Amino acid sequence: RQTVNTETIRRVNGERTITLSVVAPRGMPLEAAVETVQADVVDALKAEGMPPGIDIKIAGASDKLTATRAALTGNMGLAVLLAYLLMVAIFRHWGYPLLIMLTVPLGIAGGIFGLWLMNLLPSVHQPFDMITMLGFLVLIGVVVNNPILLVEQALQNRRAGMDVATSVIESTRVRVRPIMMTTLTTLGGLAPLVFLPRAGTELYRGLGIIVLFGLLSSTLLTLTFMPSLLALVLRVGERMKGRVAGKVVTEQ
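In terms of this note's numbering, the sequence shown has 1211 at position 84, counting the first letter as 1, and numbering is strictly consecutive.
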């Protein structure tokens, strides 16, 4: 039944307003509800043509959702910066942390790909909600752990007198076992949440998908491309030190 109250005029910011309250079904994420209302109501009315001076927009909880999403995006950038500066303080070098941070975008790409892949399954419908976005914050702190082990071991080998190629090969050989052990245990812990969801776990399934597939892709990069990139960076660093030392000797 529809009723119209002509005795009350609602105003928002001085403009006459008619409010239509929408309650999402139980278990439906807020993001999915907003997208449904936007497509089925707002876009449909605008496509038919709105009268002059009439506007329609979604407000209420969706405004808070937009603000929270913007804040979370800023926090992700801050997390990347803090992770980089912390590694600079640990390694006392600006270049090695940059090399390690290359795993972050690949991990994010792997998480997005995993979310798309899981949504191809007929039994899975995982929206890109706020808790799923939190998975990227977790991922930033997780994916850098494996390359840190690899780079630190290679630097120790260099200080022990090994050449660049030998130090990188030995660091990969020594660290591949702990890297695989920590990665497999983490993936094993996340697998039930992602592939065997139960009542109450759907809320965190998106977070698990992002972390699982992001960690998997970043680990593959660490064990395949990272040794070659590390050897290249070490050789470039040696050449730069040699040029600086040559200039000092020439000036003396």
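Here a beta-carbon is modelled for each residue, glycine too, at the ideal position from N, C-alpha and C. Just so we're clear, the structure is a prediction, and the values are computed from it rather than from any experiment.
Residue j and residue i - do their beta-carbons sit closer together than 8 Å?
| i | j | result |
| --- | --- | --- |
| residue 1158 | residue 1256 | yes |
| residue 1258 | residue 1333 | yes |
| residue 1349 | residue 1306 | yes |
| residue 1266 | residue 1235 | yes |
| residue 1302 | residue 1280 | yes |
Helix, strand or coil for residue i, going by three-state DSSP, please let me know.
| i | result |
| --- | --- |
| residue 1302 | helix |
| residue 1243 | helix |
| residue 1148 | coil |
| residue 1250 | coil |
| residue 1128 | Here residue 1128 scores only 46 on pLDDT, less than 50, and its place in the model is too uncertain to base an answer on. |
| residue 1347 | helix |
| residue 1232 | helix |
| residue 1184 | coil |
| residue 1218 | helix |
| residue 1326 | coil |
Straight-line CA distance for residue i to residue j?
| i | j | result |
| --- | --- | --- |
| residue 1262 | residue 1358 | 31 Å |
| residue 1128 | residue 1151 | Any reading at residue 1128 must be qualified, since the residue scores a pLDDT of 46, below 50, and its modelled position is unreliable; the value itself is stated next. Approximately 19 Å between the Cα atoms of the pair. |
| residue 1219 | residue 1141 | 58 Å |
| residue 1321 | residue 1341 | 13 Å |
| residue 1221 | residue 1275 | 14 Å |
| residue 1135 | residue 1144 | 11 Å |
| residue 1364 | residue 1345 | 25 Å |
| residue 1272 | residue 1198 | 26 Å |
| residue 1164 | residue 1173 | 13 Å |
In the DSSP assignment, what residue or residues form a beta bridge with residue i?
| i | result |
| --- | --- |
| residue 1139 | 1142 |
Using a Cβ-Cβ cut-off of 8 Å, state whether residue i counts as contacting chain C.
| i | result |
| --- | --- |
| residue 1231 | This model lacks chain C altogether, as it is built from one protein chain only. |
Is the segment 1318-1337 in contact with the segment 1199-1215, if contact means three or more CB pairs nearer than 8 Å? No, they do not touch.
Touch check for the segment 1173-1189 and the segment 1230-1249: three-plus C-beta pairs under 8 Å? Contact fails: fewer than three Cβ-Cβ distances are below 8 Å.
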